[in-house]
Amino acid sequence: MVISVMSNKGGTGKTTTSVNLSASLAKQGFNVLLVDLDPQGYASVSLGIPYAELSPSSAEVLFDGVKIESVIRDTAISGMDLITGGIELANSDLILADMPDRENRLDRALQHIRTEYDFIILDCPPSLSLVLVNALTAADRYIIPITPDYLALEGLITLLSTVKKIKNEMGLDIELLGILFTMVNLDRLRVRRQEFKMQLGIIKLLREHYSKDVFKTFIIRDARLSETASYGQTIFDFAPNSKVALGYMRLANEVKNLCGKTNREGIKSKNRQVSFNG
-12 MVISVMSNKG GTGKTTTSVN LSASLAKQGF NVLLVDLDPQ GYASVSLGIP YAELSPSSAE
48 VLFDGVKIES VIRDTAISGM DLITGGIELA NSDLILADMP DRENRLDRAL QHIRTEYDFI
108 ILDCPPSLSL VLVNALTAAD RYIIPITPDY LALEGLITLL STVKKIKNEM GLDIELLGIL
168 FTMVNLDRLR VRRQEFKMQL GIIKLLREHY SKDVFKTFII RDARLSETAS YGQTIFDFAP
228 NSKVALGYMR LANEVKNLCG KTNREGIKSK NRQVSFNG
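End of the sequence shown = 265 in our numbering, gap-free, step of one.
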């Protein structure tokens, strides 16, 4: 199952969700590959890869036809592998523009390893680009993280419309797995109460409008999520007993059930021998 995590704006918790959803699925015994397609490489850095060691990355796979097996890296999390992102992806539209079959390069590369993983999570760039089109072409489902504010609602409508247009033009079979609310404020202090009420109103509005397309789980605002990246850890290493860690485990359960995956908790994941430069 290939899942794209996408947003057309930054600051929605897209990368944080990609990293911690991947980790929580791995902790349940699934074999997971996280593919960083963001030029900023934040997912890779969040897992402890220094900026100077991001190459070889997904850019070499997309642009140079490098075999995808050669860029897969182990992580400190059992059952979870990584393909890094990097700044080379910033010029993707210019580089891919004249390449043959430019929209399908990622899909073709992933065909070689699909059967080795239960889940392949694609952390997409926060922009409408040919890399995003590649991610849509390669994926079976997609997740949209969204913060509960009115500007984010406008962005959601635009992104859903864009995905629908791309699906129709290219004949894609990708389906929405769910809309995920992130950075939900549960602080009931008087100074934050107005924001709390506003967010609840937006969440209620979207649940009424999109019904089953909104995850039951939401991710609360927690400063520790920002701190994890500086330590190269997931929330499960940094604050395993926190409410936000529990939230990501609940999200993994929803994703697993929606995708029809059998609970593999307690089953030992296979060991992979991976070679890479770095």
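We treat Cβ as the ideally placed atom computed from N, Cα and C, and that holds for glycine.
Check                                                                                                                                                                            : Outcome
Along the chain, where does the alpha helix (DSSP H) that runs through Glu156 open and close?                                                                                    : 137 to 157
Of the residues Asp94, Ser44, Asn78, Asp136, which one's Cα is nearest the Cα of Ser(-9)?                                                                                        : Asp94
Straight-line CA distance for Thr215 to Asn240?                                                                                                                                  : 22 angstroms
Tell me whether Tyr29 is buried or exposed, calling it buried when 16 or more other Cβ atoms sit within 10 Å of its Cβ.                                                          : buried
Short of 6 angstroms in beta carbon distance, which residues of its chain neighbour Leu173, apart from the five on each side in sequence? Order them along the chain.            : Ile207
Counting only beta-carbon atoms, is Glu195 nearer than 9 angstroms to chain C?                                                                                                   : Within the model displayed, chain C is absent; a lone protein chain is all it includes.
For the beta strand (DSSP E) holding Ser(-9), just list the boundary residues, first then last.                                                                                  : -11 to -8
Can you name, in chain order, every residue of its own chain whose Cβ lies under 7 angstroms from the Cβ of Leu24, other than the five neighbours on each side?                  : Ser45, Gly72, Leu76, Leu109, Asp110, Cys111, Pro112, Val118, Ala122
Cβ-heavy atom distance between Lys199 and the ligand NAD below 8 angstroms?                                                                                                      : The ligand NAD is not part of the structure shown, which contains no ligands of any sort.
Is Val22 near Ile64, with beta carbons less than 9 angstroms apart?                                                                                                              : no
Enumerated in chain order, which unbroken segments of the alpha helix (DSSP H) with a length of 4 residues or greater are wholly contained in the region 0 to 56?                : 1 to 14, 29 to 33, 45 to 51
Please list the terminal residues of the continuous alpha helix (DSSP H) segment that includes Gly188.                                                                           : 180 to 197
Which residue or residues does DSSP assign as beta-bridge partners of Leu163?                                                                                                    : Tyr129
Going by beta carbon distance, what residues of the same chain come within less than 8 angstroms of Asn(-5), once the five residues before and after it are set aside?           : Pro113, Ser114, Leu115, Gly142, Thr145, Leu146, Thr149
Label Lys243 either buried or exposed according to how many other C-beta atoms from any shown protein chain fall within 10 Å of its C-beta, with 16 as the threshold for buried. : buried
Can you give me the C-alpha to C-alpha distance between Leu159 and Ser42, rounded to a whole angstrom?                                                                           : 31 angstroms
Could you give the distance in angstroms between the alpha-carbon of Leu8 and the alpha-carbon of Glu162?                                                                        : 18 angstroms
Just verifying my parser: in three-state terms, what is the DSSP assignment at Leu115?                                                                                           : coil
Would the region 29 to 40 and the region 185 to 198 be scored as touching if the rule is three or more Cβ pairs under 8 angstroms?                                               : no
Cutting at 6 angstroms between CB atoms, please list the residues of its own chain near Ile107, excluding the five before and the five after it.                                 : Val(-11), Leu20
Look at Leu12 and Ile55 and say whether their C-beta atoms are less than 9 angstroms apart.                                                                                      : no
For the beta strand (DSSP E) containing Thr221, name the first residue and the last one.                                                                                         : Here Thr221 belongs to no beta strand (DSSP E), and DSSP marks it neither H nor E.
Would you call Asp209 buried or exposed, if buried means 16 or more other Cβ atoms sit within 10 Å of its Cβ?                                                                    : buried
Can you list, in chain order, the residues of its chain whose CB lies under 6 angstroms from that of Gln260, leaving out five sequence neighbours each side?                     : Residue confidence for Gln260 is low, a pLDDT of 40 falling below 50, so the modelled location carries little weight; the figure read from the coordinates is stated next. Excluding positions up to five away in sequence, the list is empty.
So, using beta-carbon positions, are Ile130 and Met236 closer together than 9 angstroms?                                                                                         : no
Under the three-state reduction of DSSP, which class applies to Thr71: helix, strand or coil?                                                                                    : coil
So, Leu167 versus Thr4, is the Cβ gap smaller than 9 angstroms?                                                                                                                  : yes
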